[in-house]
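Below is one structure; the comments refer to it alone.
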Amino acid sequence: MRGDGDAPPPKIRLRGLRKAFNGKVVLDGVDLDVGARRSMVILGGSGSGKSVMLKCILGLIEPDDGAIEIDGRNVLAMSRREREAVNDRIGMLFQNGALFDSLPVWENVCFKLLAQRRIDRRAAREKAAEILALVGLAPEVRDLYPAELSGGMQKRVALARAIAAQPDIILFDEPTTGLDPIMAAVIDGLIVDVVRRLGATAVSITHDMTSARRIGDDAAMLYEGRIVWTGPAASLGQTGNPIVDQFARGEREGPIRMELRR
Amino acid sequence: MGLLLDALAAIGRAVLRACRLAGAVALFALEALSHLVRPPFHGRMFGRAFAEIAYFSLPVVALTAIFTGMVLALQSYTGFSRFNAEGAVANVVVLSITRELGPVLAGLMVAGRIGAAFAAEIGTMRVTDQIDALVTLSTNPMKYLVTPRLLAGTIALPLLVVVADILGVMGGWVIGTFKLDFSSAAYLRSTFDFLEAGDVVHGLVKSAVFGFVVALMGCWCGYTSKGGAQGVGGATTAAVVSSSILILALDYVLTEMFFAR
């Protein structure tokens, strides 16, 4: 039997993460562990700092204080080159897709492979068709431009781009926002499928409780800049934590107060 | 006394803000330039920006140059005829076009067209997370978006100005020959006899600086834009206004350096 001291470190570990913008504290000491090959869903109201937390993990925003460990190494203490090497293993699905308007779908999907010179342009076009098939899109889509796609197709292309380089960590920022319920279910299914297929660790942020239960193994609630609860995603709504339960049920009354000005 | 101090404080704050902005733009430019010598290089992005400036701006620059040359010939003829110095029309046209009007007008036209386009494109990328997406896709946004555009602006504008110089002189020649009854051969001889290589070269150096400035301000305003569509609109306006003002200010500085005796 293995003691606690021998347990492998979590894939992602946040400790005391703090970030303020112009004096407004957004993250106020976030502590979070995400196990390897687990799918963690972060819940929280609008403006609660979920996206800021993801951007801190990606290195897009520098936190004021705290530590971000990936595979047991603090990325904030790494050199630029080491940090880039870690980031190369992370895929990201942005809320609005963030596809490059000026490039066709196939170049969007294989952008990272082309940037890293892992593939030439001719092979990239073929590779794009293979990756698009994983997210349920036909090969003909590869020659279209993002503006020619529906919202659901853009999300799928963005998902294809996030997984193209076979990352071992994938971050999802509101993956089902703006989609109809059926398309949201399709995207959730694809996320579960690709995360399992790659054996990746996933961190998703969402407001959508149905989506959270579908894609998450674990869930955490970010409230007033801190993680106030973590537990199984399946228990959302019956956690016994009044903050989480109010949020999961979408109730007006409870410890979470919306600031409304009349 | 209080009012005076408030006014001084306001002026001081504005000066500090301007200094901070100038420093930030300079650091932005230096970082972009540092990528010129650090691979990987994005030749495709350079080609796209170069075509956008050199090829697609050609019609507007050509039309501007032709009409400017024509107006210049007419106006200088009107002035010089009062002193019986009509013969100087060709000299004035060629020197004005090559030293000043070619580079400045082409710069202003490109500022309106390209500065705005760069700011709008990069600004839209900023507010739709596309620049953040570049980072997550192992691509340095400065290297991918800014450096190729700066290089393209610096190389393409002088080429446009060569065309503008030729067409501007041609516009003057058309008016001189067909309206003002100069002999074609005499007009052309007068044009080339007084033209020195330095006039053209200095104009081209000016235009390289203007091209760099237009691309820099377009990229800077787009890269630092925020706040959605309104922010992108503001960035576009700021890019055109700031690059136009800088072109006119730098034109004076460069003219002092090159031509002041």
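Protein sequences appear in the order of chains A and B. Everything in the first sequence is counted per the working numbering, starting at 1 for the first residue and increasing by one. Everything in the second sequence is counted per the working numbering, starting at 1001 for the first residue and increasing by one. By construction, the Cβ of each residue, glycine as well, lies at the ideal position given by its N, Cα and C atoms. The structure displayed is predicted, hence computed values, not measured ones.
> Since Ala1156 (chain B) contacts Gly1107 (chain B) with CB under 8 Å, what's their CB separation in whole angstroms?
Replying inline: Looking up residue 1156 (chain B) in the second sequence gives position 156. Looking up residue 1107 (chain B) in the second sequence gives position 107. With 8 Å as the limit, Ala1156 (chain B) and Gly1107 (chain B) do not qualify as a contact, their Cβ atoms being about 12 Å apart.
>> So, with DSSP's three-state summary, where would you put Tyr145 (chain A)?
In response: Counted from its first residue, the first sequence places residue 145 (chain A) at position 145. Correct three-state label for Tyr145 (chain A): coil.
>> At a CB distance below 7 Å, what residues from the stretch 1064-1080 of chain B approach chain A? Give them in sequence order.
In response: none
> With 8 Å set as the bound, which would you pick, yes or no: does the beta-carbon of Met1138 (chain B) sit closer than that to a beta-carbon of chain A?
Replying inline: Locating residue 1138 (chain B) in the second sequence gives position 138, where the first residue counts as 1. Here residue 1138 (chain B) turns out to be Ser, not Met, going by the sequence shown. True, the Cβ-Cβ gap to chain A drops below 8 Å.
>> Buried or exposed, going by whether 16 or more other CB atoms sit within 10 Å of the CB of Thr1064 (chain B)?
In response: Your numbering for residue 1064 (chain B) matches position 64 in the second sequence. Answer is buried; the Cβ neighbour count reaches 16.
>> I need the straight-line Cα distance from Gly3 (chain A) to Asn87 (chain A), nearest angstrom please.
In response: Along the first sequence, one-based indexing puts residue 3 (chain A) at 3. Along the first sequence, one-based indexing puts residue 87 (chain A) at 87. Note that Gly3 (chain A) scores 42 on pLDDT, short of 50, meaning its location in the model is unreliable; the coordinates nonetheless yield the value given after this. Near 31 Å, if we compare the C-alpha coordinates of Asn87 (chain A) and Gly3 (chain A).
> How far does the alpha helix (DSSP H) with Met1070 (chain B) in it reach, from first residue to last?
Replying inline: Within the second sequence, numbered from 1, the residue matching residue 1070 (chain B) stands at position 70. Here the alpha helix (DSSP H) through Met1070 (chain B) covers Leu1058 to Ser1081.
> Do the stretch 1099-1115 of chain B and the stretch 1046-1064 of chain B meet, that is, are 3 or more Cβ pairs less than 8 Å apart?
Replying inline: yes
> Can you give the beta carbon distance from Ala1239 (chain B) to Ala1116 (chain B), rounded, assuming they're within the 8 Å contact cut?
Replying inline: As a working mapping, residue 1239 (chain B) is identified with position 239 in the second sequence. As a working mapping, residue 1116 (chain B) is identified with position 116 in the second sequence. Confirmed, about 6 Å.
> Got a sec: is the Cβ-Cβ distance from Gln1130 (chain B) to anything in chain A below 8 Å?
Replying inline: Here residue 1130 (chain B) corresponds to residue number 130 of the second sequence, with the count starting at 1. At least one chain A Cβ lies under 8 Å of Gln1130 (chain B).
> Which stretch, first to last residue, makes up the alpha helix (DSSP H) that contains Ser1184 (chain B)?
Replying inline: Translated into positions along the second sequence, residue 1184 (chain B) becomes position 184. It spans Ser1184 to Phe1194 - the alpha helix (DSSP H) in which Ser1184 (chain B) sits, taken as one unbroken run.
> Can the beta-carbon of Val1232 (chain B) be found less than 8 Å from the beta-carbon of Thr1124 (chain B)?
Replying inline: Here residue 1232 (chain B) is taken as the residue at index 232 of the second sequence, counted from 1. Here residue 1124 (chain B) is taken as the residue at index 124 of the second sequence, counted from 1. It is a contact, given that the beta carbons lie within the stated cut-off.
> Around the Cβ of Phe1259 (chain B), are there at least 16 other Cβ atoms within 10 angstroms (buried) or fewer (exposed)?
Replying inline: Counting from one through the second sequence, the residue named residue 1259 (chain B) turns up at place 259. Classification for Phe1259 (chain B): exposed.
> Rounded to whole angstroms, how far is the Cβ of Arg89 (chain A) from the Cβ of Pro167 (chain A), which I believe are closer than 8 Å?
Replying inline: On the first sequence, residue 89 (chain A) is found 89 positions in, with the first residue counted as 1. On the first sequence, residue 167 (chain A) is found 167 positions in, with the first residue counted as 1. Rounded, the Cβ-Cβ distance is 5 Å, consistent with contact.
> Nearest CA to the CA of Val1214 (chain B): which residue from B:Pro1158, B:Leu1095 and B:Leu1016?
Replying inline: The residue you call residue 1214 (chain B) lines up with position 214 of the second sequence. If we check each option's Cα against that of Val1214 (chain B), B:Pro1158 comes out closest.
> In terms of residues, what are the limits of the alpha helix (DSSP H) holding Lys1179 (chain B)?
Replying inline: For the purposes of this step, residue 1179 (chain B) is taken as the residue at position 179 of the second sequence. First-last for Lys1179 (chain B): undefined, no H or E at that position.
> Do we get a CB-CB distance below 8 Å when we pair Ile12 (chain A) with the residues of chain B?
Replying inline: Numbered from its first residue, the first sequence carries residue 12 (chain A) at position 12. It does not: the Cβ of Ile12 (chain A) has no partner Cβ on chain B nearer than 8 Å.
>> For a quick check, are the C-beta atoms of Leu14 (chain A) and Val30 (chain A) less than 8 Å apart?
In response: As a working mapping, residue 14 (chain A) is identified with position 14 in the first sequence. As a working mapping, residue 30 (chain A) is identified with position 30 in the first sequence. Cβ atoms of Leu14 (chain A) and Val30 (chain A): closer than 8 Å.
> Shortest alpha-carbon distance to Leu190 (chain A) belongs to which of A:Leu137, A:Ser150 and A:Tyr223?
Replying inline: Sequence index remark: in the first sequence, residue 190 (chain A) carries index 190 (1-based). Out of A:Leu137, A:Ser150 and A:Tyr223, A:Leu137 has the C-alpha closest to the C-alpha of Leu190 (chain A).
>> Using the Cβ count rule (16 or more neighbours within 10 Å means buried), how would you classify Cys1019 (chain B)?
In response: Taking the first residue of the second sequence as position 1, residue 1019 (chain B) is located at position 19. Label assigned to Cys1019 (chain B): exposed.
> Among all the DSSP beta bridges, which residues are the ones paired with Val34 (chain A)?
Replying inline: If you number the first sequence from 1, residue 34 (chain A) lands on position 34. Answer is A:Ile12.
> Which same chain residues, not among the five before or five after Leu1003 (chain B), have their C-beta less than 6 Å away from its C-beta?
Replying inline: Translated into positions along the second sequence, residue 1003 (chain B) becomes position 3. Contacts found: none.
> Among the residues of its own chain, which have a CB less than 8 Å from the CB of Gly199 (chain A), if the five just before and after it don't count?
Replying inline: Position 199 of the first sequence, counted from the first residue, corresponds to residue 199 (chain A). Same-chain partners within the cutoff: Arg37 and Asp168.
> Under a three-way DSSP split, which group does Arg2 (chain A) fall into?
Replying inline: The residue given as residue 2 (chain A) occupies position 2 in the first sequence. Summary for Arg2 (chain A): the model assigns pLDDT 40, below 50, so the residue's position carries little reliability, and this model does not support an answer.
> How should Tyr1252 (chain B) be labelled, buried or exposed, when 16 other C-beta atoms within 10 angstroms of its C-beta is the threshold for buried?
Replying inline: By one-based count along the second sequence, residue 1252 (chain B) stands at place 252. Looking at its Cβ environment, which holds fewer than 16 other Cβ atoms inside 10 Å, Tyr1252 (chain B) is exposed.
>> Distance check for Gly35 (chain A) and Met1 (chain A), CA to CA, integer angstroms please.
In response: Here residue 1 (chain A) refers to the residue found at position 1 when the first sequence is read from its first residue. Here residue 35 (chain A) refers to the residue found at position 35 when the first sequence is read from its first residue. Annotation note: pLDDT 37 at Met1 (chain A) (below 50); position unreliable, no value reported.
> Using a Cβ-Cβ cut-off of 7 Å (strictly less than) and excluding sequence neighbours within five positions of Asp1193 (chain B), which residues of its own chain qualify?
Replying inline: For the purposes of this step, residue 1193 (chain B) is taken as the residue at position 193 of the second sequence. Answer for Asp1193 (chain B): no residue qualifies.
> Looking at C-alpha atoms only, which residue of B:Phe1083, B:Leu1058 and B:Thr1139 is the closest neighbour of Ala85 (chain A)?
Replying inline: The residue given as residue 85 (chain A) occupies position 85 in the first sequence. Minimum Cα distance to Ala85 (chain A) is reached at B:Thr1139.
>> Need the endpoints of the beta strand (DSSP E) that Asp218 (chain A) sits in, please.
In response: Taking the first sequence and counting its residues from 1, one reaches residue 218 (chain A) at position 218. Its beta strand (DSSP E) spans residues Asp218 to Tyr223.
> Measuring CA to CA, which of B:Val1025, B:Ala1009, B:Leu1005 and B:Asp1199 is closest to Val1221 (chain B)?
Replying inline: To locate residue 1221 (chain B), count along the second sequence from 1; it is residue 221. One detail in the question is off: residue 1221 (chain B) reads as Cys in this sequence, not Val. For Cys1221 (chain B), the nearest C-alpha among the options comes from B:Val1025.
>> On a Cα-Cα basis, can you pick out the residue from A:Cys56, A:Met92, A:Asn96 and A:Leu43 that is closest to Ala147 (chain A)?
In response: Counting from 1 along the first sequence, the entry for residue 147 (chain A) is found at position 147. When each option's Cα is compared against that of Ala147 (chain A), the closest is A:Asn96.
> Should the stretch 215-223 of chain A be regarded as contacting the stretch 38-55 of chain A, the criterion being three or more beta carbon pairs within less than 8 Å?
Replying inline: yes
> CA-CA distance, Lys1206 (chain B) and Lys11 (chain A)?
Replying inline: As a first step, residue 1206 (chain B) is located in the second sequence; it is residue number 206 there, counting from the start. As a first step, residue 11 (chain A) is located in the first sequence; it is residue number 11 there, counting from the start. Using only the alpha carbons, I get a separation of about 55 Å.
> How would you write the range of the beta strand (DSSP E) that Gly91 (chain A) sits in, first residue to last?
Replying inline: On the first sequence, position 91 is the one that residue 91 (chain A) refers to. Looking at the DSSP string, the run of the beta strand (DSSP E) that includes Gly91 (chain A) is Ile90 to Leu93.
>> Which residue marks the beginning of the alpha helix (DSSP H) containing Met183 (chain A), and which one marks its end?
In response: Within the first sequence, numbered from 1, the residue matching residue 183 (chain A) stands at position 183. Element bounds for Met183 (chain A): Pro181 to Leu198.
>> Please return the same chain residues whose Cβ sits closer than 6 Å to the Cβ of Gly250 (chain A), not counting the five positions on each side in sequence.
In response: Mapped onto the first sequence, residue 250 (chain A) falls at position 250. Here the set comprises nothing.
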